[in-house]
Amino acid sequence: MIRVKLSLDIAKGLSYLHQLKIIHRDLHSNNIVINQVHSCDQLEFIAKITDFGSAINEEDDDINDKTGVIGQIPFTDPQYLNNPKHYRKNMKSDIYSLGVILWEISSSKAPFENFMADSRGEFRDLCLTFEIINDYRERHTLFTPENFVKLSRQCWDNDPNKRPDIKTVIDDLNSIFAGLPQVLERNATIGQ
1 MIRVKLSLDI AKGLSYLHQL KIIHRDLHSN NIVINQVHSC DQLEFIAKIT
51 DFGSAINEED DDINDKTGVI GQIPFTDPQY LNNPKHYRKN MKSDIYSLGV
101 ILWEISSSKA PFENFMADSR GEFRDLCLTF EIINDYRERH TLFTPENFVK
151 LSRQCWDNDP NKRPDIKTVI DDLNSIFAGL PQVLERNATI GQ
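Just so we're aligned: 95 in full-length UniProt numbering is position 95 of the sequence shown, and the numbers increase by one with no gaps anywhere.
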């Protein structure tokens, strides 16, 4: 339940940015903070997006991505990895990054941490870039809800036109989240 709630927090934060026509361009798990909020007897966790150093306004023509790869390779839009001089990151690039974050939240692992585990540095990065461009993705862990798997796969599709918009992501996460408390309440009742 907490994983879906944190995913929803991140998606809502991204929605707010996109409503303001802001593209984050460097969305990854290191740019997400989780705050603890204590209220009465409850402890709540809230995920928030940070680090807007690479963010741009969607309508700003003066800013481009031609200065080199922005962001961590596992979270970077494959279209950009394939053609950084001519492909400008956009809102669908943020959706791709969100899809990788959703996978990371569901698996509790860093993406591609086992890819060429014996190699580090530029060679590994080059090989990983090539694999991502060619549609290589991490497998979902066992017991990840199928609708969560489907959503993250849609978000990290190689084709930006097949990625959902942020409203669809939020709607899907809300549907997933809405189904969870009933299961938890049933389990809590059984234990009493």
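Cβ coordinates follow ideal geometry from the N, Cα and C atoms, glycine included.
- Message: Quick check on the DSSP output: the alpha helix (DSSP H) that includes Q19 runs from which residue to which?
- Response: Within the sequence shown, the letter at position 19 stands for residue 19. From DSSP, the alpha helix (DSSP H) with Q19 extends over 2-19.
- Message: If you reduce the DSSP assignment to three classes, tell me which class F123 lands in.
- Response: Taking the sequence shown and counting its residues from 1, the one referred to as residue 123 is at position 123. DSSP places F123 in helix when its eight states are reduced to three.
- Counting along the chain, where does the beta strand (DSSP E) carrying S39 start and finish? Along the sequence shown, read from residue 1 onward, the residue named residue 39 stands at position 39. Run containing S39: 32-39, per the beta strand (DSSP E) assignment.
- Message: Let me check understanding here. Comparing Cα to Cα, which of T168, Q72, N161, K167 lies closest to N90?
- Response: One-based indexing of the sequence shown puts residue 90 at position 90. Closest option to N90, Cα to Cα, is N161.
- Message: Please classify K48 as buried or exposed, where buried requires at least 16 other C-beta atoms within 10 Å of its C-beta.
- Response: Locating residue 48 in the sequence shown gives position 48, counting from the first residue. Looking at its Cβ environment, which holds fewer than 16 other Cβ atoms inside 10 Å, K48 is exposed.
- Item | Boundaries (first-last residue) of the beta strand (DSSP E) holding residue 201 | Since the first residue shown for the chain is 1 and the last is 192, residue 201 is missing from the structure and cannot be characterised.
- Query: To which residues of the same chain is S152 closer than 6 Å at the C-beta, ignoring the five residues directly before and after it?
  - Reply: Within the sequence shown, numbered from 1, the residue matching residue 152 stands at position 152. Result list for S152: G99, L102, W103, in chain order.
- Segment limits, alpha helix (DSSP H) that includes D135: Stepping through the sequence shown from its first residue, residue 135 is reached at position 135. Premise fails: D135 is in no alpha helix (DSSP H) and is neither H nor E.
- Message: Does I23 come out as helix, strand or coil in the three-state DSSP assignment?
- Response: Walking along the sequence shown from the start, residue 23 turns up at place 23. Looking at I23 - three-state DSSP - the assignment turns out to be strand.
- Message: On the CB-based measure, 16 or more other CB atoms within 10 Å of its CB, does L43 come out buried or exposed?
- Response: Here residue 43 corresponds to residue number 43 of the sequence shown, with the count starting at 1. Per the 10 Å Cβ criterion, exposed.
- Message: For S175, which residues in the same chain have their Cβ closer than 6 Å to its Cβ, ignoring the five residues on either side in sequence?
- Response: Working through the sequence shown from its first residue, we reach residue 175 at position 175. There are no such residues.
- Just the C-alpha distance for F45 and Q36, rounded to the nearest angstrom, thanks. Counting from one through the sequence shown, the residue named residue 45 turns up at place 45. Counting from one through the sequence shown, the residue named residue 36 turns up at place 36. Going by the C-alpha atoms only, they are around 5 Å apart.
- Proximity to L8 [Cα-Cα], best of S106, D51, S39, R88: As a position in the sequence shown, residue 8 is number 8, starting the count at 1. Cα-wise, what sits closest to L8 is S106.
- Can you say whether L126 is buried or exposed, counting buried as having 16 or more other CB atoms within 10 angstroms of its CB? Numbered from its first residue, the sequence shown carries residue 126 at position 126. L126 comes out exposed.
- Item | For T129 and I56, believed in contact at Cβ under 8 Å, the rounded distance | Here the question's residue 56 lines up with position 56 in the sequence shown. Here the question's residue 129 lines up with position 129 in the sequence shown. That belief does not hold up - the Cβ atoms of I56 and T129 are roughly 22 Å apart, past 8 Å.
- Message: Just verifying my parser: in three-state terms, what is the DSSP assignment at I56?
- Response: Taking the sequence shown and counting its residues from 1, one reaches residue 56 at position 56. Reduced to three states, the DSSP call for I56 is strand.
- Message: According to DSSP, is R163 part of a helix, a strand, or is it coil?
- Response: Here residue 163 refers to the residue found at position 163 of the sequence shown. Coil.
- For the candidate residues R139, S29, D94, whose alpha-carbon lies nearest to that of P164? The residue you call residue 164 lines up with position 164 of the sequence shown. Of the listed residues, the one whose Cα sits closest to P164 is D94.
- Task: Please state whether DSSP places L88 in a helix, a strand or coil.
- Result: Numbered from its first residue, the sequence shown carries residue 88 at position 88. Sequence check: residue 88 is Arg here, not Leu. Three-state result, R88: coil.
- Task: From the DSSP output, in three-state form, read off G99 for me.
- Result: Reading the sequence shown from its first residue, position 99 is the one you call residue 99. Residue state, collapsed to three classes: helix.
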